[in-house]
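Each remark here refers to the structure printed beneath this line.
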Amino acid sequence: MQHTYLRYECADSFGLISSSASSKAPQSNSILAFGSDSRQRPILLTTAGSLCMGFHLRTTEATIKIGHREELTGGVGTGRALNSDLIVCLDVSIQDHHESCKVATGWVDGAVRVFDVTTEEMQSDRGPGLVQSLLQESYGQDDFVMREPLVLNGHSGSPVRSIAFDTKDASRLASGSSDGAVVLWDVIAESGLYRLLGHKGGITDMNFAKIEPSSLDMLITSSLDGLVKVWDLNGQCCIQTIPIHRGEVWGAALQLIPGSNPLSAGGIDATDDDRIRLITGSSDGQARVWAVKTPKRYSDEKIEKDGDTAMKYLEAENLESVDDVCHYMGTLSPPPNVSSSAERIACIHFHPNGKYVGVLHANSKDVDVYLIRTVQESFKKKQRRLRRRKEKSKQSENKVDQGSKGQKRGMLDDPESEDEKSEVAEKASLDRELSPEQIKASDEFEYFGTVRATHKVKSFIFVPYKEQGGGVRVVCSLSTNALEVHVLIRKAATEGKEATVHANKVSTMNQLGHPTGIRGIQISSDDSLACTVSKTSTKIWNVAKRSCTQSLTPSIDDKPCYGLCATFLPGNTHLVLGTREGHLLLLDIAAGEVVDYEENAHDGAIWSIDIRRPTAKQPAIALVTGSADKTVKFWEIEAEQDSDTPMLTQTRTLEMTDDVVAVRYSHSTDPSKRMVFVSSLDSTIKVFFEDTLKFFLSLYGHKLPALALDAADDDSILASSGADKTVKIWGLDFGDTHRTLHGHEESVTDLRFVKRSHNFFTTSKDGTVRYWDGDRFEQILVLNGHFAEVSCLAISRTGAFILTGGMDRQVRVWERTKDIVFLEEERERELEQIFDRVDQDEQDTAKLLKQREGDADKNEGMGDEPQSEAAVRKSVLSVAAGDRIMEALERADQETKESAAFRRSNPGKTRMPNPLLLGKEPPLYMLWVLKTIRQAELEQSLLVLPLSHVERLLYYLIILLRRGRGVEICSRVGIFLVKTHQNQILTNRGMSVPIRELSKLVRLRLAESRDVIGFNLAALRAVARSTAMILPQLLKGGDGEDCCKQIDHFTVSSDIQ
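Numbered as in UniProt numbering, the sequence shown ends at 1057 without a single skipped number.
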């Protein structure tokens, strides 16, 4: 009989405030977004691994957690596990007239998931949705925002690097992936509109733009191929390509800047009172400014109407092409008296009010903020620049006439002004090609101030609401897993002093995460607390609430200590910490202080620590530590005579021949049988008796040092994991090797047995957690979720859950469910995943070969590649949906034949409904199957059908349309099938009659649906008008019954009219 196990699934994760780029996911510019821009409750959403975390900027507390359930094929698992993929980018669409906002997330697997979050959930005072568990049914009542989102699959497995909502139309969404594809989505219809092709590198930023006079609907994209493209969304084609950037384009931002009529003020926009500006940043560190205007092709019509004034204006602009939309204005001047970085530009963001813009360089702590001048101020600045240019030209002419060489600027001379610096910079750039009469970037953008963070900044965002007293507030996401809020305020000029801008740090959010990777993790004896150790911080977590109760910074004489390992003492009130400096610290958890320490307890780093629980024969609390100084030391916890404060006392020392990597106690309660296991740098494991330290066994077999080891509760077997990527199981009777297990692709960093069993977990640098059977020597489960090295794990005393931590700075909670694991099914799932990867690799290879052929044809002058295509992608779920349709067609046809045969043989009798068809008629059963398929996967699933099944499906669609059932979905499916198979349909004469019948029915039923919807909308508008007339009486305290009668009267009268 096959042995079964209980499945472990990821229930939750915590410890991440803002995730960073990894080997699995690139860095995105869209990792911050405001879910609520209210001044009272500003909620900032960040990407945190597999979750979106929401933080209240005023209280600096987490308020909401948004996650997605993992979808396992074949009905495997509970269906409530946290998705193991990584969120790369996000964007939020907030509309005033809706009580909810849409949170769109781009994932590393190429999917786009859109969540609907209500305003109440986003602004709740009680911190909703911060806990998710699979252990108890009561947790199902929690407010963890983990509802089923809208899933859109259009990218071929490539990470979605950028995502953006259309600010004018929230139903439209754009996503760009690392392979250069841009997909437009209709969120309401839950389907893809089309895919834009043209970029050869990853998409870094996308911006929607619409120029009202010309009704030009555009999307501007920037890419790592060094190009910025302007797409006409109505024509689905590229209308302008900007190739002048030096290297990759890492960021682009677009903003509509409100202003007065530019013609009257001498501005550059002649078609609207507002200005639209685009700023792009590339690898050369320069931020280039572009004016987005109506193309000349559309402006010619207005020239004839406006006369000579507009003609002079356009001639001064010197437009490059009749179809160009973006026109170069120059570069942003570097900040004066501030050391500007020469690194590439990481990201650029505008303030929502259009008055400020921020520029961030890579590997920099500074965010440079520029103030955008008004049209009048820009015009005045241009006049001053032209006047100064004329004066300098006269001075140069006089010097030439006098034959003088000029003088160098002395130390006592006035410093160079900002205008002079900008002119010098223009000489070495494309700015010198601009017309002097044109308004340049230096005329519109003025340096305002610099926000300097405490660590390197990954990304930033402006707080949308207006700052009191002027100025601007900036939120910075740091590389240390923290958020900082800074404010820039301009102080007015006083007598003898110019106006100055001051930058102040308002708050910091670093309590809920480690700044560096987690090196060690431990769970208290009652499973209520967890301790995580990183480089300079040690944090205590409430496991049930996923909240940080204490953040410790261990130090001795104000010198910080580098923590490596830790363990709880009995009672769970104190903690013992081992450091890289060789110190051993005893910390009081409640007070957050070091109550005792043993300085230089070891001469090297303390790599491992373990505790011996007190027993009746040995009531003392004992510790063992292993260090790089080639010693194993034993300690006891004693209480001071004057107080109950515990203190460390060394009792024994065991000398080793090489550095100690790991050390563990056995679990026996008999002192004479208790053993100590020591792993050393010479790749051996030595076993000693704990009471006498007498040598017992030496275990050889690892090719590299064993990084972790643990014994089962009955001390019958010992398991060790090493840097040689293997796990070995040893017998403690004779020290023989029972089995060597292979599975991990990198070094195995930690290993722990489940209590009262021979099953154990391992973690590895390959980012996986694996579950093993130590008796049958088989791998049970592979748990994915970490996106970096997994360095440590801890198991609860009952094995109900485990905690894992790694270099990605997150702690994942894996809980044991009631779902049963069959090893054969797990192997089949693994094979399916391998086949899917092979299929994906074949598709990528075919795409690459096709791209190379296209490049060759283009070089020969023969290539004309399409710029757009259908936004559909084959996935496992869509193929499964297509199989369901084909299976339903087979059942419906069989039922139709059997029903006809029954009527012929039994006239006048009624046949029992078929339970396989849910008791429905064949057409209604087909309608039910089509409705169960997700709208985003419907079209792709229909592509799986062969032509014979298409003919049978059209037959059922005609029957349903005749009955008026499922008009919308039947019309959509019928039109899509006809468009897809139009060539085969034209050559098949037998399908001409059904197609004509389908065309007639679709027109008829859609017209009826349109009339019904129009009638209902008119009735709702009438009810709204009548309610608006009666509502003031209700607010004034009128009689409720009279008001209701009046509402009914107005509604009926409006309907009659």
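Glycine residues also receive a C-beta, built at the ideal position from the N, C-alpha and C atoms.
Bear in mind that the values here come from a model prediction, so they are computed numbers and not experimental data.
Which one of the options has the shortest CA to CA distance from residue i?
i: residue 116; options: 122, 101, 105 and 106; result: 101
i: residue 17; options: 512, 616 and 815; result: 512
i: residue 455; options: 174, 505, 379 and 776; result: 505
i: residue 542; options: 524, 830 and 635; result: 524
i: residue 697; options: 737, 671 and 226; result: 737
i: residue 607; options: 945, 590, 614 and 678; result: 678
i: residue 918; options: 904, 895, 933 and 937; result: 895
i: residue 284; options: 361, 351, 229 and 230; result: 361
i: residue 461; options: 219, 358 and 251; result: 358
i: residue 61; options: 544, 670, 482 and 963; result: 482
If you check the beta carbons only, do residue i and residue j fall under 8 angstroms apart?
i: residue 186; j: residue 196; result: no
i: residue 952; j: residue 889; result: yes
i: residue 156; j: residue 179; result: yes
i: residue 170; j: residue 207; result: no
i: residue 693; j: residue 648; result: no
i: residue 554; j: residue 534; result: no
i: residue 628; j: residue 605; result: yes
i: residue 922; j: residue 956; result: yes
i: residue 835; j: residue 793; result: no
i: residue 675; j: residue 666; result: yes
i: residue 181; j: residue 151; result: no
i: residue 559; j: residue 551; result: no
i: residue 611; j: residue 567; result: yes
i: residue 215; j: residue 249; result: no
i: residue 82; j: residue 13; result: yes
i: residue 973; j: residue 1005; result: no
i: residue 613; j: residue 570; result: yes
i: residue 160; j: residue 106; result: yes
i: residue 965; j: residue 927; result: yes
i: residue 741; j: residue 787; result: no
i: residue 134; j: residue 65; result: no
Taking all protein chains shown into account, do 16 or more other C-beta atoms lie within 10 angstroms of the C-beta of residue i, making it buried, or fewer, making it exposed?
i: residue 1028; result: exposed
i: residue 500; result: exposed
i: residue 729; result: buried
i: residue 810; result: buried
i: residue 168; result: exposed
i: residue 1063; result: The structure shown does not extend to residue 1063, since the chain is modelled only from 1 to 1057, so the question has no answer here.
i: residue 1052; result: Confidence is the limiting factor: at residue 1052 the pLDDT is only 44, short of 50, which leaves the residue's position unreliable and the question unanswerable from this model.
i: residue 804; result: buried
i: residue 308; result: Caution is warranted here: a pLDDT of 49 is assigned to residue 308, below 50, making its placement in the model unreliable, and no coordinate value can be reported.
i: residue 744; result: buried
i: residue 993; result: exposed
i: residue 379; result: buried
i: residue 42; result: buried
i: residue 54; result: buried
i: residue 700; result: exposed
Just grab the DSSP bridge partners of residue i for me.
i: residue 153; result: 111
i: residue 509; result: 483
i: residue 236; result: Looking at the DSSP assignment, residue 236 forms no beta bridge with any residue, so it has no partner.
i: residue 662; result: 679
i: residue 218; result: 209 and 232
i: residue 820; result: 6
i: residue 1025; result: In the DSSP output, where bridge partners are listed per residue, residue 1025 has none listed.
i: residue 257; result: 275
i: residue 638; result: 647
i: residue 52; result: 47 and 66
i: residue 502; result: 489
Subject >> Inside the segment 9 to 47 only - alpha helix (DSSP H) runs reaching at least 4 residues >> reply: none
**OP:** Report the residue ranges of all alpha helix (DSSP H) runs contained in full by the segment 915 to 959; include only those spanning at least 4 residues, in chain order.
**Re:** 922 to 932 and 935 to 942
Subject >> Those runs of the beta strand (DSSP E) which lie wholly inside the segment 720 to 768 and span at least 3 residues >> reply: 726 to 731, 737 to 742, 748 to 753 and 759 to 764
**OP:** Give, in chain order, every unbroken run of the alpha helix (DSSP H) that is at least 4 residues long and sits entirely within the UniProt repeat "WD" (160 to 187).
**Re:** none
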